[in-house]
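Note that the numbering used here has the sequence shown beginning at 3, numbered continuously upward.
Virtual Cβ for every residue (Gly too), placed ideally from N, Cα, C.
Worksheet: one structure, shown below.
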Amino acid sequence: MTAPLKFSKMITETELAKRVKELGAEITEIARKEPVIAVCILKGSFIFFSDLVRHIEADIATEFLGTASYGNSMKSSGEVKLTLDLTNSIEGKTVILIEDIIDTGLTMDFLTKTLAARKPKRLLTCSLLFKPEALKTSFKPDYVGFKIPNDFVIGYGLDYQGFYRNLPYIARVESLQ
Ligand code: 5GP
3 MTAPLKFSKM
13 ITETELAKRV
23 KELGAEITEI
33 ARKEPVIAVC
43 ILKGSFIFFS
53 DLVRHIEADI
63 ATEFLGTASY
73 GNSMKSSGEV
83 KLTLDLTNSI
93 EGKTVILIED
103 IIDTGLTMDF
113 LTKTLAARKP
123 KRLLTCSLLF
133 KPEALKTSFK
143 PDYVGFKIPN
153 DFVIGYGLDY
163 QGFYRNLPYI
173 ARVESLQ
């Protein structure tokens with residue numbers, strides 16, 4: 003185990019459940035009109051994704067994309083490595099990338115450029131959390147769960163050095179003890 007963290011609840015289980023249901027309803031509207039491939043961006047999105055897809059009331063395909071950013075600090079390095087690729091072609095398909103958090107935007111910038119080269123019909127993005135003040139690119143997600151301040155957060159899939167993903171709520175890290 004890493005050094006214990008001091009953290010406080012930022013977004014409760016109830017708030018998460020309500021907002022995720024609303025996002026599911028928005029994506030349902032698209033998925034009823036055209037076939038959609040929902041892509042879970044691993045690892046951080048696995049809990050959000052599994053809750054979200056259960057609120058999409060239409061037939062969707064699911065895919066998984068593994069990403070890792072270099073370094074393990076509380077700062078995004080912006081250097082992304084693909085650790086697991088999609089299993090099927092996305093050419094001519096409507097794709098929605100499901101991300102946990104957008105900080106500098108460098109990861110989504112990289113991923114959307116990488117996937118756009120595979121010629122999807124439409125590439126949409128949905129992020130549970132978005133830190134507008136931290137953005138260093140012009141990237142803007144199509145769907146956002148919550149805009150949050152420029153704090154480091156953990157829980158509901160988000161980690162600190164591989165831990166805390168299993169917290170059922172989003173917490174703000176106060177300081178290292
Ligand atoms: P970006 O490339 O937008 O700066 O950051 C994206 C990635 O950095 C996220 O997918 C996540 O892995 C990590 N990240 C950015 N901010 C946070 C945060 O507040 N908490 C955690 N746990 N990870 C973060």
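Original post:
For V22, which residues of its own chain have a beta-carbon under 6 Å away from its beta-carbon, when the five flanking residues on both sides are left out?
Top reply: Around V22: D53, L54.
Original post:
So I103 packs on V41, CB below 8 Å; how close in whole Å?
Top reply: 16 Å between Cβ atoms; not a contact.
**OP:** Go ahead and pull the three-state DSSP assignment for E17.
**Re:** Three-state DSSP puts E17 in a helix.
Original post:
Rounded to the nearest angstrom, how far is the Cβ of L67 from that of D87, given a contact under 8 Å?
Top reply: That pair is a contact at about 7 Å.
Subject >> For K138, three-class secondary structure by DSSP >> reply: Three-state result, K138: coil.
Original post:
By how many angstroms is the C-alpha of T64 removed from the C-alpha of V175?
Top reply: Cα to Cα, the separation comes out at about 32 Å.
**OP:** Starting from S52, follow the alpha helix (DSSP H) in both directions and report where the run begins and ends.
**Re:** Unbroken alpha helix (DSSP H) run through S52: 48-55.
Subject >> Residues near F51 in its chain [Cβ-Cβ closer than 7 Å; skip 5 each side] >> reply: For F51, where only same-chain residues beyond five positions count, the Cβ hits under 7 Å are C42, I100.
Subject >> Distance between I29 and R56 (C-alpha atoms, nearest Å) >> reply: Whole-angstrom Cα-Cα distance: 11 Å.
Subject >> Contact under 7 Å by Cβ, V146 with F112 >> reply: No, the Cβ-Cβ distance between V146 and F112 is not below 7 Å.
**OP:** State the start and end residues of the unbroken alpha helix (DSSP H) segment that holds D111.
**Re:** Here the alpha helix (DSSP H) through D111 covers 108-118.
Subject >> Identified DSSP bridge partners for K8 >> reply: DSSP, once it has assigned bridges, lists S177 as partnering K8.
Original post:
Which partner residues of S129 appear in the DSSP bridge assignment?
Top reply: Partner residues in the beta bridge of S129, as assigned by DSSP, are E101, V146.
**OP:** Please go through the same chain and pick out, in chain order, the residues whose beta-carbon is closer than 7 Å to the beta-carbon of L25, but skip the five residues on each side of it.
**Re:** Only L54, C128, Y145, G147 meet the Cβ criterion.
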